[in-house]
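The opening residue of the sequence shown carries number 1 in this note's numbering; numbering runs sequentially from there. No residue lacks a Cβ here, since even glycine has one placed at the ideal position from N, Cα and C. All values derive from a computational prediction rather than experimental measurement. Each remark here refers to the structure printed beneath this line.
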Amino acid sequence: MSKIKNIDSLINYLNEDHNIKTNKLNDKKSLMNIGYYHGYKGYRFIKNPNNKINYSNFSQILSVNKFDMKLKALFYPNIMFIETALKNHVLEILLNETQTDCFNEIYELALLDYKSYPLNSKDYKLSMKKRLNLRNQIYSVITRDYNGNKPVVQHFYHNDRAVPIWAIFEIITLGEFGNFVTCLNQSIRKQVSKSLNLNQSCDERGNLTEKIIYLLKDLRNSIAHNNVIFDTRFRTNNVSKSLIKCLELDTNIKNITFNTLVDYLILIVYMLKNLYIEKNELSELITSFQYSLDSFREEIEISTYTKIFYTDTKNKLNLLKEFVSKEKPCI
Numbered sequence: 001m002s003k004i005k006n007i008d009s010l011i012n013y014l015n016e017d018h019n020i021k022t023n024k025l026n027d028k029k030s031l032m033n034i035g036y037y038h039g040y041k042g043y044r045f046i047k048n049p050n051n052k053i054n055y056s057n058f059s060q061i062l063s064v065n066k067f068d069m070k071l072k073a074l075f076y077p078n079i080m081f082i083e084t085a086l087k088n089h090v091l092e093i094l095l096n097e098t099q100t101d102c103f104n105e106i107y108e109l110a111l112l113d114y115k116s117y118p119l120n121s122k123d124y125k126l127s128m129k130k131r132l133n134l135r136n137q138i139y140s141v142i143t144r145d146y147n148g149n150k151p152v153v154q155h156f157y158h159n160d161r162a163v164p165i166w167a168i169f170e171i172i173t174l175g176e177f178g179n180f181v182t183c184l185n186q187s188i189r190k191q192v193s194k195s196l197n198l199n200q201s202c203d204e205r206g207n208l209t210e211k212i213i214y215l216l217k218d219l220r221n222s223i224a225h226n227n228v229i230f231d232t233r234f235r236t237n238n239v240s241k242s243l244i245k246c247l248e249l250d251t252n253i254k255n256i257t258f259n260t261l262v263d264y265l266i267l268i269v270y271m272l273k274n275l276y277i278e279k280n281e282l283s284e285l286i287t288s289f290q291y292s293l294d295s296f297r298e299e300i301e302i303s304t305y306t307k308i309f310y311t312d313t314k315n316k317l318n319l320l321k322e323f324v325s326k327e328k329p330c331i
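Next up, the structure:
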């Protein structure tokens, strides 16, 4: 059994075993605040534990932590706004198409993606499995929230009414919402895509919305759980080639890979513009990101910075500003 280290022994450990210079009094307080296991161990590498950052002093660790926290504060409200808007766009189209707010009826009328594939084919079975899993997820969430005394669920059950789809959208996670969109039939997905001003030449089957949701879900969840985001280690989904093509065509920004947070900024700004957020707000968002980036670059080794943000970062931000300056898309 290894010896338990208190905060003093952890500071000594950083100093003596990792050659990280520390101001023992001030840095001890800082390490206590960010945490050794949650803070330092999370910030000691880029993307994976084998790609360690060679820190020379503790202030560099604090710079990475400060930068990471600034980005979380910058991104989170915008992702929440996009999440709410996406749900409302889908809801409006669903209600118009099905003329009901009952989940069971919507399940039979609109969650029909599986029918677009040949009966008993691999894609048919996969789509059907997703549909069945979605129903189980929805019922599980309703049961959880009823047992958890959530008013939005208990209100309807105590009045002998089914929980309407709009209330279900309030209680499901962004990932579960992505599963819902995936199961919608193609015609509804296409309507949603057009409603969001997505490039239709890149969205033949109406799948871009779910791809966007899944990408943003990873970032949103990482921020919500206060996990590290500066190096995009949170990404769990492969990036759709059609989404990259859509973004590159509409923004005129090349080499979008989502290997750095700049590309997530591009996606967020793209969605906000498509949702008719004012140019000055979008410009402020980009400027705030740029300012945080510039400050971060001055506080750490350039060799570390270029592993996190690539040489095309400045050009991408300039092109993003140009994209924002153009007129809004027309419906």
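Contacting residues, own chain, Cβ-Cβ under 8 Å from residue i (five flanking each side not counted)
| i | result |
| --- | --- |
| N339 | Beyond the ends of the chain as shown, which are 1 and 331, falls residue 339; an answer cannot be given. |
| H158 | none |
| L91 | I165, W166 and F169 |
| L272 | N78, F81, I82, E281, L282 and L285 |
| D250 | N199, Y270 and F323 |
Coarse secondary structure for residue i, derived from DSSP in three states
| i | result |
| --- | --- |
| N51 | coil |
| S240 | coil |
| L111 | coil |
| P77 | helix |
| R233 | coil |
| D312 | coil |
| S30 | helix |
| L119 | coil |
| T251 | helix |
| R131 | helix |
| L275 | coil |
| E327 | coil |
| G39 | helix |
| I256 | coil |
| H89 | helix |
| E83 | helix |
| I300 | coil |
| V269 | helix |
| V262 | helix |
| V64 | helix |
| N280 | helix |
Bridge partners - residue i, DSSP secondary structure assignment
| i | result |
| --- | --- |
| N57 | K21 |
| F45 | K52 |
| C102 | P164 |
Sequence-distant residues of the same chain with beta carbon closer than 7 Å to residue i, five excluded per side
| i | result |
| --- | --- |
| L196 | H89, T209 and N274 |
| Q137 | E176 and N179 |
| D312 | N255 |
| K217 | L174, G175 and G178 |
| F45 | N51, K52 and I53 |
| L243 | L208, K211 and I212 |
| S127 | D113, Y114 and Y117 |
| Y107 | R135 |
| F289 | L74 and L265 |
| S222 | I229 and F234 |
Below-7 Å beta-carbon distance, residue i vs any chain D residue
| i | result |
| --- | --- |
| V262 | Among the chains of the structure shown, chain D does not appear; only one protein chain is present. |
Neighbourhood of residue i by C-beta distance below 6 Å, restricted to the same chain and skipping five residues each side
| i | result |
| --- | --- |
| H38 | none |
| Q189 | One point to set straight first is that residue 189 is Arg, not Gln, in the sequence displayed. Closer than 6 Å at Cβ, skipping near neighbours: G206. |
| A167 | V152 |
| K245 | C202 |
Alpha helix (DSSP H) segments (min. 4 residues) lying fully within the region 141-211: Entirely contained in the region 141-211, the alpha helix (DSSP H) runs reaching 4 residues are, in chain order, 151-158, 165-171, 174-183 and 186-195.
Segment contact flag, the region 50-70 with the region 175-183, C-beta cutoff 8 Å, min 3 pairs: In this structure the region 50-70 does not lie against the region 175-183, because fewer than three pairs of beta carbons, one per stretch, are closer than 8 Å.
The region 96-104 contacting the region 159-173, beta-carbon criterion three pairs below 8 Å: Enough Cβ pairs lie closer than 8 Å, so yes.
Any 3 or more C-beta pairs closer than 8 Å across the region 69-89 and the region 260-270: Segments in contact, yes.
Segment contact flag, the region 309-325 with the region 276-283, C-beta cutoff 8 Å, min 3 pairs: Flag = yes, the region 309-325 and the region 276-283 touch.
Inter-stretch contact at 8 Å, needing at least 3 Cβ pairs: the region 93-100 / the region 224-242: With a cut-off of 8 Å, the region 224-242 and the region 93-100 do not count as touching, because too few Cβ pairs lie within range.
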